[in-house]
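Student:
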Amino acid sequence: MASKTSILRLGIFIFIGTAFLVTAIFLIGDKDSMFTESYNVKAYFNTIEGLRKGAAVRLSGINVGNVSSISIVDDSTGRVEVLMRLSADVKRFIKSDTRATIETEGLVGNKVIILLISSTNAPPVENFGVIQGVDPLGFGKIVEETQSTIEFTKQMTRDLSEIVARVNRGEGSIGKFLTRDEFYYNANSLLLTTDTSLSSITQKLDTISLVVSSLLLGTQSIVSNVDRVVLEIDNIVHDVEQGKGLLGAFLKDSSNLDKNFGMVLNNIIKITEDTKIGAEKFSENMEALKRNWLFKTYFEQRGFYDKTPYEKVLERFIRDVEDKILILDKKIIELEKLKKLENKQSSSN
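If you read the sequence shown in our numbering, its first letter stands for residue 4, the second for the next number, and so on.
1) Among G64, R55, I65, which has the Cα closest to the Cα of S72?
2) Identify, in the order they occur along the chain, each residue of the same chain with its Cβ nearer than 6 Å to the Cβ of V76, setting aside the five sequence neighbours on each side.
3) For the segment 14-22 against the segment 54-69, are there 3 or more C-beta pairs whose distance is under 8 Å?
4) Rank S74, G68, T160, S99 by C-alpha distance to the C-alpha of D92 and give the top, closest one.
5) So, with DSSP's three-state summary, where would you put K114?
6) State yes or no: is the C-beta of F48 within less than 8 Å of the C-beta of I105?
7) Using beta-carbon positions only, say whether V115 and R61 come within less than 8 Å of one another.
8) In three-state DSSP terms, what is F131?
9) Please report the Cβ distance between D100 and S122, rounded to the nearest whole angstrom; I am assuming they are in contact, meaning their Cβ atoms lie under 8 Å.
10) Buried or exposed: where does G136 fall if 16 or more other Cβ atoms within 10 Å of its Cβ makes it buried?
11) Is L89 buried or exposed, if buried means 16 or more other CB atoms sit within 10 Å of its CB?
12) Could you spell out the range, first to last residue, of the beta strand (DSSP E) harbouring F48?
13) What does the alpha-carbon distance come out to for the pair R169 and M159?
14) Once the 5 residues before and after M87 are set aside, which same chain residues still bring their CB inside 8 Å of it?
15) Mind checking which residues open and close the beta strand (DSSP E) that includes E106?
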């Protein structure tokens with residue numbers, strides 16, 4: 004009888020010891036940091052999407068603690084308070100603007116809290132202080148947006164199928180173009196006409212190139228003629244001042260020559276003025292050529308943009324012609340002075 008009592012006591016003792024051991028294992032497993040110095044912070048969420056007590060808390064991918072408690076705030080907001088027990092080593096990284104987000108491990112894994120450090124200038128959070136909680140993106144919302152995208156894709160597919168069917172039936176502009184032969188022949192004729200027009204434009208552009216070359220040569224000729232006229236006038240003025248030549252002799256002794264030299268001087272002035280007028284007209288034509296859209300397009304189609312080189316060449320020639328016009332003005336003034344001197348000599352005689 005005593006032996007049975009001892010066996011019963013031993014069984015009860017083993018049962019109680021086993022229960023205590025299992026309970027201790029669960030408690031220690033739930034508080035894996037109970038033997039290390041800890042640091043507690045709070046975060047508030049509108050929803051936690053299945054986050055559980057004991058879930059891991061990570062900072063930069065490293066487990067730094069776990070969720071110690073989850074409770075609903077006793078106010079009208081219905082927010083959820085999540086208390087996190089963190090290792091004291093990470094306390095220096097936790098600031099008032101640190102954010103806590105709830106994410107999922109894998110596609111359908113456990114929920115974990117990820118701590119995101121925003122800045123280093125924010126004030127630190129004390130023990131049981133509050134950090135910012137970011138509500139997770141719910142799976143239901145993802146499914147809702149996915150369904151909306153699928154519906155939109157289906158609608159686009161139906162619309163595209165309807166368009167293709169109408170084209171196959173020859174409806175609409177595209178359908179008529181693809182199914183009716185006359186549209187094909189008209190398009191082919193249009194392409195042939197376009198090709199002919201482009202060939203004609205190319206020929207005209209080649210003609211324009213010849214015109215431009217001729218104008219540039221004409222500019223050089225105008226400048227050369229002006230230089231020659233100016234040189235002749237300089238020689239005449241020099242001879243007159245030295246008393247050489249017919250006009251010089253006339254001004255020295257008007258009795259030696261008749262009145263026809265006045266007409267000669269007038270003719271020289273007229274030739275000079277005509278040369279000036281011709282140079283001015285040519286300068287105006289060059290300016291018009293520079294601004295003409297057809298010539299401008301011709302040069303731009305050959306790879307020139309903005310201020311094309313041909314414009315710079317034309318401007319240089321225009322400046323040369325304008326300089327020659329100024330020189331001719333001065334020479335005309337000198338000839339007019341000679342004419343007045345000749346008239347004075349004639350009246351005195």
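Glycine included, every Cβ here is placed at the ideal spot set by N, Cα and C.
Tutor: Once the coordinates are examined:
1) The shortest C-alpha separation from S72 is found at R55.
2) Correct list, in chain order: R82, E84.
3) Counting Cβ pairs under 8 Å, fewer than three are found: no touch.
4) D92 has its Cα closest to that of G68, out of S74, G68, T160, S99.
5) K114: strand per DSSP, three-state reduction.
6) One thing to note: F48 has its Cβ within 8 Å of the Cβ of I105.
7) Judged by beta-carbon spacing, R61 lies within the 8 Å limit of V115, meaning their Cβ atoms are closer than that value.
8) Correct three-state label for F131: coil.
9) A Cβ-Cβ distance of about 6 Å is found for the pair D100 and S122, placing them in contact under the 8 Å criterion.
10) Under this definition G136 is a buried residue.
11) By the 16-neighbour rule on beta-carbons within 10 angstroms, L89 is buried.
12) Membership of F48 in the beta strand (DSSP E) is indicated by the continuous run 41-48.
13) Approximately 15 Å, taken between the alpha carbons.
14) Closer than 8 Å at Cβ, skipping near neighbours: N43, V44, K45, A46, V60, G68, N69, V70, S71, A103, I116.
15) E106: member of the beta strand (DSSP E) spanning 102-107, first to last residue.
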